[in-house]
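Okay, structure first, notes after.
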Amino acid sequence: MYIVHRYQQGRKWVARLPFEADLLEALEHFAGKEEIKVGRVEAIGAVKKAVIGFYDQDKKEYGSLEFEEPLEILTCLGNFSRKDGLPKAHLHVTLSRHDGSTLGGHLMPGSTVFACEAVIEELVGPGLNRGYDPQTGLPLWEKK
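According to the numbering used here, the sequence shown is numbered sequentially starting from 1.
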């Protein structure tokens, strides 16, 4: 089953996130402050430390890895919707170490911003809410 909605481009922002902010929380806070119901985000920059996750499809749970080192954000890409009435960002991130090796996964709370520039786009149309999907165990967009 596809869940498809048509949206119009809404407001757009370019934003520099605060030094030492939690990357995920800062983006969700911005979405709440600007009352973004549905949107997309992309970001580049660097973090002082990162927490990324990977979803175990058999156990239906996230595991996480913490990296206590400076890392470049090669790309951070995702979307905004709502879960339990609050802004919810779903973001994936690719990070680079000093030696050029890369890490990637689901952005989890706990990644500390060193410097981050984001482009945030609001999508105007029907609201998107996340709810529990029993097939995957994930909070996915619900059909209205």
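Built from N, CA and C at the ideal position, the CB exists for glycine as well.
task = Taking G45 as the reference, give the member of A26, L86, I73 and E69 with the closest Cα.
result = Minimum Cα distance to G45 is reached at I73.
message = Using only the alpha-carbon positions, how far apart do C116 and L17 sit?
response = 5 Å
query = Nearest CA to the CA of A26: which residue from Y132, F80, G104 and N129?
reply = F80
task = Say whether the stretch 6-17 touches the stretch 92-107, bearing in mind that this needs 3 or more beta-carbon pairs closer than 8 Å, one atom from each stretch.
result = no
inquiry  = Using CA atoms only, rank isn't needed, just tell me which of K59, H5 and I52 is closest to E38.
reply    = According to the sequence shown, residue 38 is Val rather than Glu. Each of K59, H5 and I52 was checked against the Cα of V38, and the nearest Cα belongs to H5.
task = Given a cut-off of 8 Å, decide if G32 and P87 are closer than it, judged by their beta-carbon atoms.
result = yes
task = Counting only the same chain and skipping the five closest in sequence on each side, list residues whose C-beta sits under 6 Å from that of S64.
result = V51, G53 and M108
query = So E121 packs on K12, CB below 8 Å; how close in whole Å?
reply = 5 Å
message = Looking at the secondary structure, which residues open and close the alpha helix (DSSP H) in which L17 lies?
response = Note, L17: premise wrong, no alpha helix (DSSP H); not H, not E.
query = If V113 sits next to L23, beta carbons under 8 Å apart, how far is it from one beta carbon to the other, in whole angstroms?
reply = 5 Å
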